[in-house]
Ligand code: BES
Ligand code: MN
Ligand code: ZN
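Numbering (the working numbering), first residue to last: 16 to 479.
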C-alpha cells in the first residue's frame, strides 16, 4: 500500500473519502452533515463510523464519517486508532483507494496517522491461497517528512510482525541468522562451538534439547561519528515448549512468538541504514529453541554464565532469562553506553499489566523514564515495575549463586532482578513484552497475531 500526498482531496477520485466528526460538530462534507448528522442523528462518538454513498455527485464514491469523540478528549492515540478503524471499514467494503480529509485537529498528526494506516493495513496472508482485498492507495494532505519517517518505521514493524507470525518450522535460529546477514551490516554469527569458547553456559544449556543448532547473532551499525553506543538485545527463543518442564498444550500454542524480541531487533536493524542515525547500534540475539529432546538440560542442573556466575536450574521453562544472561554479558563487554533488552519473558508480566502495556525495569532511572516517554509519544505503552531488593531473596540457591526462578508472586520483577546480575557497567533497561507482542484475538488497530511490539519505541528512541 502506498500513501500519496495531495493537497486537494475534493479533487481526487477515490472509493472512500474519510472525514472526521467531533461530537456535537459538523464535518467538512455537506452531504454527510445533511444525511448522517441531521437526518440520522450520527453523533460522532469516538470510533463510530457512518458510511454513505455519493451516487456520482462527487469524485469520492462513498464518504465515511469517523467519530473523533469529544474534542477536548481527543489525542494522538485516538487519532491513530480512528484512522485504523476507518481503514478497516474501507477494507471490509473492498475499497482500493481511500482519501483522508481530517479537519479541526490541533496537533501534528501525520506520524500517528501513518502508524494507524500501517498497523491496520497489516495481514499475515503468506500461507493463504486466497487473499483478502486490500487498500492500494491512501491519499492525504500532511507533512511529507513525518509521513516518510513513519512509513519506514511501519515497514520495520511489518518485517517484525511477519517474522514473529511465521511458524517455528520456518523461523529457526539458522533462519534468523540468515536474515540478520542480509541487511548489509557488519554481522557476526557465532555457532555452538564459538559460544562454548566464550563461556556461554546458560544460553547453550537451553539449546541442548533441540535438533536446531543455536545461533548467536551480532549485527552492528556504525555511523561516522557516533554520539552514543547502544546495544539492543531480543529474546530469540524460536519455540518455547517449556523444555522438560513442559508446558500444557494451551500455553504452548502461541510459543512460536517467543522470538518476538528478536523479531523487534531484526525489524529495527532492517531499516537502520535508511535512517543513518548518529548512534552506534548493536543488534544482539541469542537464538535457540527450548525443547525437551533427549539431550535437554534438566531441573537441578548447574550452569555457568559468561560472567562466571553459577545458576541452578529450578525450572526449564524459565529459559529466556538464561539465554539473555549470556547475551547481556556479551553486550556489557562491548562497553556500550546503554543496553535495552526486549523479551516475551514472563506470564507474570501479562497477569500484572494485561495486553495493553509492556513492563519495564532497569538499573538507571533516567534511561527507563526516557524510554517510557518515547514509547508513549509513538503509541506504545510501557509501565515501570519495581525491582525491590526484597524480591531477590527468592532467587537464592543452596548450592549455586542463584536459581533461575524466583517466587511466583512478582514474577516479572524477580525475572528483572535475575537479569540485573549479568549487567556490570552499562546502563540497562529490560522490557517484558509477553503481554503485548502477540494477540490471540484482534485488539484495536491490530489483527490477531504479532504486533511488532518495541519497533516504534526503539527506533524513535534511537532517532531522538
Ligand atoms: N515465554 C514464556 C513467557 C510467556 C508466557 C510469554 C505467556 C508470552 C505469553 C517464558 O519463557 C516462560 O515460560 N516463563 C515462565 C517462567 C516461570 C517458569 C518462572 C512463566 O511465565 O510461566
Ligand atoms: Mn518458557
Ligand atoms: Zn519463553
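Glycine included, each C-beta is placed from N, C-alpha and C at the ideal position.
Need the endpoints of the alpha helix (DSSP H) that residue i sits in, please.
{"i": "residue 99", "result": "91 to 107"}
{"i": "residue 472", "result": "470 to 478"}
{"i": "residue 126", "result": "125 to 135"}
{"i": "residue 425", "result": "From DSSP, residue 425 is part of no alpha helix (DSSP H); its letter is neither H nor E."}
{"i": "residue 284", "result": "275 to 290"}
{"i": "residue 406", "result": "First-last for residue 406: undefined, no H or E at that position."}
Assuming residue i and residue j are in contact, meaning their beta carbons sit under 8 Å apart, how far apart are those beta carbons, in whole angstroms?
{"i": "residue 113", "j": "residue 150", "result": "5 Å"}
{"i": "residue 273", "j": "residue 252", "result": "4 Å"}
{"i": "residue 447", "j": "residue 377", "result": "Wrong, their Cβ atoms sit about 12 Å apart, outside the cutoff."}
{"i": "residue 20", "j": "residue 159", "result": "6 Å"}
{"i": "residue 207", "j": "residue 312", "result": "Not really, about 14 Å apart at Cβ, beyond 8 Å."}
{"i": "residue 338", "j": "residue 301", "result": "4 Å"}
{"i": "residue 482", "j": "residue 91", "result": "Summary: the structure shown does not reach residue 482, with the chain confined to residues 16 through 479, and so no result is reported for it."}
{"i": "residue 472", "j": "residue 179", "result": "At roughly 16 Å, the Cβ-Cβ gap does not stay under 8 Å, so residue 472 and residue 179 are not in contact."}
{"i": "residue 428", "j": "residue 406", "result": "5 Å"}
{"i": "residue 476", "j": "residue 386", "result": "6 Å"}
{"i": "residue 327", "j": "residue 412", "result": "4 Å"}
{"i": "residue 18", "j": "residue 162", "result": "6 Å"}
From the DSSP output, in three-state form, read off residue i for me.
{"i": "residue 29", "result": "strand"}
{"i": "residue 367", "result": "helix"}
{"i": "residue 268", "result": "coil"}
{"i": "residue 394", "result": "coil"}
{"i": "residue 418", "result": "strand"}
{"i": "residue 442", "result": "strand"}
{"i": "residue 310", "result": "coil"}
{"i": "residue 204", "result": "strand"}
{"i": "residue 4", "result": "Residue 4 cannot be examined here, being either before or after the span of the chain that is shown, 16 to 479."}
{"i": "residue 431", "result": "helix"}
{"i": "residue 380", "result": "helix"}
{"i": "residue 389", "result": "helix"}
For residue i, report the span of its beta strand (DSSP E) as first-last.
{"i": "residue 207", "result": "No beta strand (DSSP E) contains residue 207, which is instead part of the alpha helix (DSSP H) from 207 to 212."}
{"i": "residue 338", "result": "Per DSSP, residue 338 belongs to no beta strand (DSSP E); it is in the alpha helix (DSSP H), 335 to 348."}
{"i": "residue 119", "result": "It is not in any beta strand (DSSP E) - residue 119 carries neither H nor E in the DSSP assignment."}
{"i": "residue 304", "result": "294 to 305"}
{"i": "residue 460", "result": "Run containing residue 460: none; DSSP gives neither H nor E here."}
{"i": "residue 154", "result": "152 to 155"}
{"i": "residue 502", "result": "No answer is possible for residue 502: it lies beyond the span of the chain, which begins at 16 and ends at 479."}
task = State whether the segment 184 to 201 contacts the segment 228 to 244, with contact taken as three or more CB pairs (one from each stretch) at a distance under 8 Å.
result = Segments in contact, yes.
key: Whole runs of the beta strand (DSSP E) within the segment 40 to 97, excluding any shorter than 3 residues   = Counting only runs of 3 or more, we get 64 to 68, 75 to 84.
task = Tell me, please, whether the segment 346 to 361 touches the segment 405 to 421 by the rule of three or more beta-carbon pairs shorter than 8 Å.
result = In this structure the segment 346 to 361 does not lie against the segment 405 to 421, because fewer than three pairs of beta carbons, one per stretch, are closer than 8 Å.
query = Counting pairs of Cβ atoms below 8 Å between the segment 276 to 295 and the segment 380 to 388, do you hit three or more?
reply = The segment 276 to 295 makes no contact with the segment 380 to 388; the number of CB pairs closer than 8 Å stays below 3.
query = So, do the segment 324 to 337 and the segment 305 to 316 have three or more beta carbon pairs nearer to each other than 8 Å?
reply = Yes: the two stretches touch, three or more of their Cβ pairs being nearer than 8 Å.
query = Are the segment 75 to 84 and the segment 435 to 447 touching by the rule of at least three beta carbon pairs closer than 8 Å?
reply = They do not touch, by the three-pair rule.
request  = Taking 8 Å as the threshold, find out whether the segment 117 to 133 comes into contact with the segment 88 to 99 through three or more Cβ pairs.
outcome  = Touching, yes.
message = With three or more beta-carbon pairs closer than 8 Å as the criterion, would you say the segment 452 to 468 touches the segment 133 to 144?
response = With a cut-off of 8 Å on Cβ pairs, the segment 452 to 468 is in contact with the segment 133 to 144, counting three or more such pairs.
Within the segment 157 to 193, ranges of the alpha helix (DSSP H) (whole runs, at least 4 residues) = Listed in chain order, they are 159 to 180.
query = How about the segment 138 to 157 and the segment 104 to 111: do they share at least three Cβ pairs that are nearer than 8 Å?
reply = Touching, per the Cβ criterion.
message = Quick check on the DSSP output: what are the complete alpha helix (DSSP H) runs of length 4 or more inside the segment 209 to 263, in order along the chain?
response = Complete alpha helix (DSSP H) runs here, min 4: 216 to 222.
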